[in-house]
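Structure, as structure tokens:
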């Protein structure tokens, strides 16, 4: 078991700016997977299909692998991926599997009866996994609201304000819209799977060889390293992971850091189940999605009123100061 005093942690950013522009944070996943693909290996990861559902699949080229970049804040469909990983290992392929900690634990358990020497696993610092049903209702809501076809979804679009901001964008019939609805539902934690509230991997101990995340804390502790284009926090959890990471370092700028400076809530404990979670799900099952937005996001009527009151009070104070 690791503790905070013996964690090997880095902040990393890919030297290729185009890679970072097309990645959620610092582009470390691309560097790690490049080292596997260049030796004829296979990469497994999550992508959004044509229906904008998250699906895990196999990639044997950089072009196919590139679909695995960026954040997906929904549960992925694993289908037959575990079996495919096992077959690749039996055929002496080098395999990189990427996913959440519970998915990594699953593939390790499934492949426990084969040689896993060539299996490299990467997991993410996971906030939690929301229900696919909520995502489907959100897509339906967007389609009806804008009366068009969804063409693209970006869970975290850093093109507008950089990596530090959380901008959710959706393109409908060629027009890009900003949306904070699904983001708000996600961060209020009502939509998470029940098991997420007792996740055993919400700690510094992870089942993967390497754990990656956004390097929140870089602005305070390593400001000179941050250019608002994305920085990854990378933790080597095994000797195999440390060796693999070292092989990918020539593609990146890196710095050893104290993990204490980069601790995040999911590295400490699971998020608590909200007190109003049961009410949220009762509403979701019986009400229209517009009602869910009005009652369970920051765009609710109560919050809108509070926002307007704050705006008017601020204006009044400014007038008093001028007088």
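In my numbering, the protein residues as written are 879 to 1201. Don't be surprised by glycine CBs; every beta carbon is placed ideally from N, CA and C.
Asked	Found
Per-residue DSSP class, three states only, for residue 1074	helix
Run of the alpha helix (DSSP H) containing residue 1062, from where it starts to where it stops	1059-1065
Beta strand (DSSP E) segments (min. 3 residues) lying fully within the segment 1063-1146	1088-1092, 1110-1114 and 1130-1135
Residue range of the unbroken alpha helix (DSSP H) whose run includes residue 1173	1167-1174
Neighbourhood of residue 955 by C-beta distance below 6 Å, restricted to the same chain and skipping five residues each side	933
Beta-carbon separation (whole angstroms), residue 1146 vs residue 1080, contact threshold 8 Å	7 Å
C-alpha gap between residue 1159 and residue 1032, whole angstroms	26 Å
Extent of the continuous alpha helix (DSSP H) to which residue 984 belongs	979-988
Buried or exposed by the 16-neighbour rule on C-beta atoms within 10 Å, applied to residue 1078	exposed
Beta-ladder partner(s) of residue 892, from DSSP	1130
Cut-off 6 Å between Cβ atoms - residues of its own chain near residue 1026, not counting five sequence neighbours on either side	1050 and 1051
Rounded separation between residue 903 and residue 1030 - CA only	19 Å
Burial state of residue 1101, where buried means 16 or more other Cβ atoms lie within 10 Å	exposed
Residue 885 beta carbon less than 8 Å from that of residue 1090	no
C-alpha gap between residue 1007 and residue 1149, whole angstroms	11 Å
Boundaries (first-last residue) of the alpha helix (DSSP H) holding residue 1024	1010-1024
Between the CA atoms of residue 1054 and residue 1129 - distance to the nearest angstrom	33 Å
Beta-carbon proximity of residue 1111 to residue 889, cut-off 8 Å	yes
Three-way DSSP call (helix, strand, coil) for residue 1179 in this model	Low per-residue confidence applies at residue 1179: pLDDT is 49, beneath 50, and the placement is therefore not dependable, though the value from the model is reported in the following sentence. Of the three classes helix, strand and coil, the one that applies to residue 1179 here is helix, per DSSP.
C-beta atoms of residue 960 and residue 985 nearer than 8 Å	yes
Limits of the unbroken beta strand (DSSP E) element including residue 885	Per DSSP, residue 885 belongs to no beta strand (DSSP E) and is neither H nor E.
Close Cβ partners of residue 1194 (< 7 Å) along its chain, the five nearest in sequence each way excluded	For residue 1194, the predicted structure reports a pLDDT of 46, less than 50, and the residue's modelled location is therefore unreliable. The matter cannot be settled from this model.
Coarse secondary structure for residue 1155, derived from DSSP in three states	helix
Meets three-Cβ-pair contact criterion under 8 Å: the segment 899-915 and the segment 931-949	yes
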